[in-house]
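In the numbering used here, the protein residues as written are 4 to 417.
So, in structure tokens, the structure goes:
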């Protein structure tokens, strides 16, 4: 354990200077996402009911090339910066949280492919530049989880739960543990989705549309060229030879952690927008207020909600800049203090958004919980998403606090 005064101090990050352009969202892609809002909103109840993104929405996203946000230009993709993916996901979440969650992760997982070997990339994107991928970092514990070394790769079996977007993916990135020289090593591999079974297990209260079902496979062959160690992924020591493609140089964890709260910003904004629309149209029950917008309690609530969303957006903007700037200026390297802060920012964004939504629920009143009211779906989606393991507030505070005090013995990968 390393303790003592850290050789660094936290200072504000300038995200408004001349270098801020490296972390600006792609305007054309954002325009496409905004054009999707009516369609996504129209099918939000369908996605919630069917526990998967509406195929109509998936088809439109593909038509607009929105599943190629993180695909390298070599294969006809946009090779966009991280800020673009984050803001796209937040924008789509204004229409539906589950749809945005699946969208964000399918694109974020495509970024992963850009870190693998040329042979793996050619096999996936050379055959289908629009290929979508679902990712599960580790298999469920139990007797079905196994892996062993064989000629040219590994033979793995297991169950991989919470595979978001799995019903719309052509490939799966799966983690497995294998004994190498007496030590357990976590590996990640890419497998065609037609080699596994997607088991219908996603029966949950919120984020139903994400379709985060369970992948099941037995004796799956994971060739070496489609495999990397988890440690290498976490540290940015990638198999890809395309080192000039700076967008794929940053460590895995900051990207994959932060994208988990993009949808929550969009959900919070949707809740605020709905409340601002409905409050002037109806009174406050059992009071003299004929318009909810006249009640000081509601005026305070919308102010607090708007402020919380602003705070969340500012934290997200800074964290996105950290990731994009590291790619452009630092060969992808992000120091541990910054990674810890991004992890803390991620949790803080989730809390700010959840609290903003709670305030809007209270302002609108019990009518918000009618099954036809969009606020109740927003509440369920945000409540579920904000409690994801990688957004855990207590753990994030511990990680950040340890780092501030000079202790880099972490309880979770950052």
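Glycine residues also receive a C-beta, built at the ideal position from the N, C-alpha and C atoms.
Quick caveat, the model's predicted, so the values are computed rather than measured.
Looking only at C-alpha atoms, which of the options sits nearest to residue i?
i, options, result
"residue 340", "294, 408 and 375", "408"
"residue 204", "25, 182, 169 and 176", "169"
"residue 281", "364, 351, 143 and 347", "364"
"residue 61", "54, 297, 43 and 355", "43"
"residue 80", "47, 116 and 101", "116"
"residue 297", "238, 332 and 366", "366"
"residue 50", "94, 32, 106 and 35", "106"
"residue 68", "36, 45 and 99", "36"
"residue 109", "135, 99 and 102", "135"
"residue 181", "305, 25, 199 and 160", "160"
"residue 30", "72, 66 and 46", "72"
"residue 172", "127, 360 and 331", "127"
"residue 300", "243, 368, 236 and 246", "368"
"residue 264", "411, 406, 384 and 404", "384"
"residue 259", "45, 236, 372 and 295", "236"
"residue 307", "100, 279 and 378", "279"
"residue 377", "247, 46 and 34", "46"
"residue 245", "124, 332 and 274", "124"
"residue 25", "310, 112, 324 and 101", "324"
"residue 75", "372, 34, 119 and 101", "119"
If you reduce the DSSP assignment to three classes, tell me which class residue i lands in.
i, result
"residue 210", "coil"
"residue 272", "helix"
"residue 175", "strand"
"residue 75", "coil"
"residue 205", "coil"
"residue 221", "strand"
"residue 12", "Caution is warranted here: a pLDDT of 35 is assigned to residue 12, below 50, making its placement in the model unreliable, and the coordinate value is therefore given only provisionally. Correct three-state label for residue 12: coil."
"residue 406", "helix"
"residue 54", "coil"
"residue 186", "strand"
"residue 149", "strand"
"residue 298", "coil"
"residue 37", "helix"
"residue 162", "strand"
"residue 132", "coil"
"residue 286", "coil"
"residue 139", "strand"
"residue 231", "strand"
"residue 28", "coil"
"residue 340", "helix"
"residue 181", "strand"
"residue 91", "helix"
"residue 48", "helix"
What's the call for residue i, buried or exposed, on a 16-neighbour Cβ count within 10 Å?
i, result
"residue 178", "buried"
"residue 57", "buried"
"residue 466", "It is not possible to answer for residue 466, since the shown part of the chain is limited to 4 through 417."
"residue 129", "exposed"
"residue 70", "buried"
"residue 84", "buried"
"residue 242", "buried"
"residue 284", "exposed"
"residue 362", "buried"
"residue 183", "exposed"
"residue 230", "buried"
"residue 11", "Here residue 11 scores only 36 on pLDDT, less than 50, and its place in the model should not be relied on; the value that follows carries that caveat. Residue 11 should be labelled exposed."
Note down, in chain order, each residue of its chain lying with its Cβ closer than 7 Å to the Cβ of residue i, except the 5 sequence neighbours on either side.
i, result
"residue 334", "252"
"residue 104", "167, 210, 213, 266 and 388"
"residue 415", "398 and 402"
"residue 272", "97 and 312"
"residue 329", "253, 335, 336 and 337"
"residue 238", "254"
"residue 207", "387"
"residue 55", "170, 212 and 214"
Skipping 5 residues on each side, what residues in its chain have a beta carbon closer than 6 Å to that of residue i?
i, result
"residue 322", "261, 345 and 348"
"residue 217", "162, 164, 202 and 204"
"residue 350", "394, 396 and 399"
"residue 413", "402"
"residue 132", "78 and 79"
"residue 342", "257 and 417"
"residue 148", "142 and 161"
"residue 250", "82 and 330"
"residue 424", "The requested residue 424 is not part of the displayed model; the chain covers only 4 to 417."
"residue 200", "219"
"residue 27", "none"
"residue 114", "73"
"residue 9", "Because residue 9 carries a pLDDT of 37, less than 50, the predicted location of this residue cannot be relied on, and the following value inherits that uncertainty. So the qualifying residues of the chain are 409."
Grab me the residues of residue i's own chain with a C-beta within less than 8 Å of its C-beta, minus the 5 sequence neighbours each way, in chain order.
i, result
"residue 63", "39 and 42"
"residue 185", "none"
"residue 232", "188, 189, 190 and 191"
"residue 268", "93, 96, 312, 315, 316, 319, 352 and 356"
Given 8 Å as the limit, is there contact between the stretch 306-319 and the stretch 281-291, that is, 3 or more CB pairs closer than that?
no
For the pair the stretch 175-190 and the stretch 140-151, tell me if three or more CB-CB distances fall below 8 Å.
Counting Cβ pairs under 8 Å, three or more are found: they touch.
Are the stretch 218-232 and the stretch 83-90 touching by the rule of at least three beta carbon pairs closer than 8 Å?
no
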